[in-house]
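Protein chains in written order, with my numbering: chain A, 1342 to 1558; chain B, 1342 to 1558. Ideal Cβ placement from N, Cα and C applies to all residues, glycine included. Just so it is clear, the structure is predicted and the values come from calculations on it, not from any experiment. Please read the structure below before turning to the comments.
There are 2 protein chains.
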Amino acid sequence: MTLAYDLEDPRTARPAAALTEVMDRLGSKAAFDRDEEIYAQDDEVDYLYRLVSGVVRTTRVNADGRRQVGDFYYPGDLFGLEVGPDHQFSAEALTACEVQMVRRSSVRAFAGDVELDRAILAATRRELQRAQDHVLLLGRRSAREKVAAFLMSLADGRDGDGAELPMGRQDMADYLGLTIETVSRMLTQLQDEAIVAFPTFRRFQITRREALAALVD
Amino acid sequence: MTLAYDLEDPRTARPAAALTEVMDRLGSKAAFDRDEEIYAQDDEVDYLYRLVSGVVRTTRVNADGRRQVGDFYYPGDLFGLEVGPDHQFSAEALTACEVQMVRRSSVRAFAGDVELDRAILAATRRELQRAQDHVLLLGRRSAREKVAAFLMSLADGRDGDGAELPMGRQDMADYLGLTIETVSRMLTQLQDEAIVAFPTFRRFQITRREALAALVD
DNA sequence: CGGTTAATTGAACGCATTCAACACGAGTGG
DNA sequence: CCACTCGTGTTGAATGCGTTCAATTAACCG
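In structure tokens form, the structure reads like this:
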């Protein structure tokens, strides 16, 4: 018998079947339009969400309007797994998307179900991994390195060197702690050096992977 | 019956008794001198650690020598709870300290123990909260705001407005993604404005809490 | 096609960094 | 007790990176 907490690699793991099943059985599916809010910052934490299709971003806006993007979520990802009674971040549909959601109180009825507890833990660990990676991305890195690392993370896991860029420049900027202009400048810089190519605003191809990798750590 | 994952507030919670007990029973206590390494970056994740006395910092150093401090841990905190097979960060004794440690494989023998699983989850959630707060601290904040927020976090939870500063300026800088000079300048700036006072390098007092709070979100 | 939003580019500014010198404090030995 | 030293922290001046503000261009959608 083993515990999930020291076996799975949370960077690649998907929600365990046990949790997916409970969510499908006790929850409901909802659709959100582009830019629609799924939950708000300071809302009570009440639901668990699994993204079925589309892309979601979590953001936090502070008093003077500065915005921090927490993370981006893709189909299969669990989100809304926040700690504490209220949401620190809000979640918004970046594209039109479908979300499977279930009240936590419903899941709680299955407390003690080992499989289920394990799945929740695994998802929490995945979230922790993301947050730690994000800390490393934000601290003591140049704008060039931040943008390079961001592109790299979008591209790896893909088969070729081409990848979709589902978010706009503003979202990239707010994720990386930069301005939209700086992001744009770094992108053109990387393009000029023939490290990446942008056929359109929302799609890119890595042309010199070693050069890009050299900028990431 | 309730699950830990939506009840405890991880900002204040301590390790559950069940886990503390298992660690004490199956683990051993070790002492570390100031600046001694407890585990290294890229080491296999093998143990769970509970800090008994002293202060610990986790750090990651990348190829070109830039250092990021992950977090600081105080007595009662669990650490080494990292995700994935290898440590992303190393842990070092910031002051001389005592650590209770236990092999994960020993803890694993108790898999299915609901209390224990709950304790591990609670600790992971606490860690997630810290990492998310750290992301918010690093993104789109001025040096002044970062330093203010850091002092604030050290001071709150304390009774009065005085607090210890167990880490040196370099550690603060590497935690905040700043240089040591900038940290120093911000500290003297806050002192000049009579917002905080430093009787010694390692101890400070908040003299105008509202002014400091205004800088933190 | 216009009309609108998103992205890029340019120029000037400012904040944090860099490099360097100096001050302070703790510990040591004369 | 003072002089010396070493580590740590502060301060100063100059540089540079990212920001800000403004204008231009490109994509998208009717």
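task: Go ahead and pull the three-state DSSP assignment for isoleucine 1547 of chain A.
output: strand
- request: Tell me whether glutamine 1382 of chain B sits in a helix, a strand or coil according to DSSP, three-state version.
  value: coil
Candidates B/Phe1545, B/Leu1457, B/Ala1381, B/Gly1498: closest to arginine 1430 of chain B by CA position: Position check: residue 1430 of chain B holds phenylalanine in this sequence, whereas arginine was assumed. Out of B/Phe1545, B/Leu1457, B/Ala1381, B/Gly1498, B/Ala1381 has the C-alpha closest to the C-alpha of phenylalanine 1430 of chain B.
- request: For glycine 1417 of chain A, name the three-state secondary structure that DSSP assigns.
  value: coil
field: Below-8 angstroms beta-carbon distance, valine 1402 of chain B vs any chain A residue
entry: no
- prompt: Would you say the region 1426–1440 of chain B touches the region 1393–1400 of chain B, given that touching needs at least three Cβ pairs under 8 angstroms?
  reply: yes
- prompt: Roughly how many whole angstroms lie between the Cα atoms of glycine 1498 of chain B and aspartate 1558 of chain A?
  reply: 36 angstroms
Alpha-carbon to alpha-carbon, isoleucine 1521 of chain A and leucine 1348 of chain A: For leucine 1348 of chain A, the pLDDT reaches just 48, beneath the cut-off of 50, and the residue's location in the model is therefore unreliable, although a value from the coordinates is still provided. Those two C-alpha atoms are separated by around 39 angstroms.
query: Thinking just about the alpha-carbon of each residue, which of B/Leu1477, B/Tyr1415, B/Gln1441, B/Leu1392 is nearest to the one in arginine 1366 of chain B?
result: B/Gln1441
In DSSP terms, what glutamate 1433 of chain A is bridged to: A/Glu1378, A/Arg1398
message: Between glycine 1425 of chain B and chain A, is the shortest Cβ-Cβ distance under 8 angstroms, so that the two count as touching?
response: yes
message: List, in chain order, every chain A residue whose beta-carbon is nearer than 8 angstroms to that of threonine 1465 of chain B.
response: Tyr1346, Leu1462, Thr1465, Arg1466, Leu1469
task: Mind reading off the beta-carbon distance from alanine 1460 of chain A to alanine 1359 of chain A? Whole number of angstroms is fine, and I expect it under 8 angstroms.
output: 5 angstroms
query: Beta-carbon of glutamate 1551 of chain A versus every beta-carbon of chain B: anything under 8 angstroms?
result: no
task: Determine, using beta carbons only, whether alanine 1357 of chain A comes closer than 8 angstroms to chain B.
output: no
query: Can you name, in chain order, every residue of its own chain whose Cβ lies under 7 angstroms from the Cβ of tyrosine 1346 of chain B, other than the five neighbours on each side?
result: Low local confidence applies: a pLDDT of 49 at tyrosine 1346 of chain B is under 50, so the model's placement there is unreliable, with the coordinate-based value given in what follows. Here the set comprises Leu1462, Arg1466.
- request: Could you check the C-alpha separation between aspartate 1387 of chain B and aspartate 1374 of chain A for me, to the nearest Å?
  value: 45 angstroms
- prompt: Looking at the C-beta of glutamine 1429 of chain B, does it have a partner C-beta in chain A at a distance below 8 angstroms?
  reply: yes
field: arginine 1510 of chain B, DSSP secondary structure in three states
entry: helix
query: Are there three or more Cβ pairs, one per stretch, closer than 8 angstroms when the region 1403–1422 of chain B is compared with the region 1445–1457 of chain A?
result: no
For valine 1488 of chain B, three-class secondary structure by DSSP: helix
query: Quick one: is leucine 1479 of chain B near chain A, going by C-beta distance under 8 angstroms?
result: yes
field: Residue burial classification, aspartate 1376 of chain A (beta-carbon count within 10 angstroms, cutoff 16)
entry: exposed
- prompt: Considering only residues of the same chain and omitting the five flanking positions on each side of valine 1524 of chain B, which have a CB-CB separation below 8 angstroms?
  reply: Ala1484, Val1488, Arg1510, Met1513, Ala1514, Leu1517
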